[in-house]
Amino acid sequence: MIIDNNKIILIKRVRSNGTYWVFPGGGVEKGEDKIQALKRECKEELGIDVKVDDLFFNKKVEESDIIQDQYWYLCRQIGGRLGTGEGPEFQKDKGYDGTHNIESILVKDIKNLDLLPKEVRDLVYSKFVN
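Residue numbers for the sequence shown follow UniProt numbering, beginning at 1 and rising by one.
Next up, the structure:
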């Protein structure tokens, strides 16, 4: 998560089944640790380089026979240009449905967004909105 000047960077996903928002991020690839994956995902999705500061939240998610550990870190932009990401979600031939738009939203406005996961949205709101 990148929060600066009371704004948070989010991805607005517009798909055939609806519109929703997500935090930038993704999975860990073979040979990476969590921090390396986070930096790669920020470059791919956002076009920026980040410094990872603190772990904000983590949880274990169980779906069917898959168990995932999910982590949200607070980060700062240290390079690159926001909106220049070229990851697979921006490439039409990779099978991604819809569009992925990078937006900087006032933190106080996230409460009204369909921002997933809602649990993390609510934690961000309670911590950063007075």
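The beta-carbon is built from N, C-alpha and C at its ideal position, and this holds for glycine as well.
- Distance from residue 77 to residue 48 at the Cβ level is roughly 5 Å; contact confirmed, criterion being Cβ atoms closer than 8 Å.
- For residue 60, the uninterrupted beta strand (DSSP E) segment begins and ends at 48-63.
- Contact annotation: residue 11 and residue 22 have beta-carbon atoms nearer than 7 Å.
- Here residue 115 is buried: its Cβ has 16 or more other Cβ atoms, across all protein chains shown, within 10 Å.
- Taking residue 103 as reference, the option from 85, 58 and 72 with the minimal CA-CA separation is 85.
- Sequence-distant partners of residue 106 (beyond 5 residues in either direction) whose C-beta falls short of 7 Å from its own C-beta, in its chain, are 6 and 7.
- For residue 121, the uninterrupted alpha helix (DSSP H) segment begins and ends at 118-128.
- The residue from 13, 100, 73 and 111 with its alpha-carbon nearest to that of residue 38 is 73.
- Annotated three-state conformation of residue 101 is strand, per DSSP.
- Taking C-alpha positions only, residue 120 is separated from residue 57 by approximately 8 Å.
- Pairing residue 46 with residue 64, the inter-Cα distance amounts to about 31 Å.
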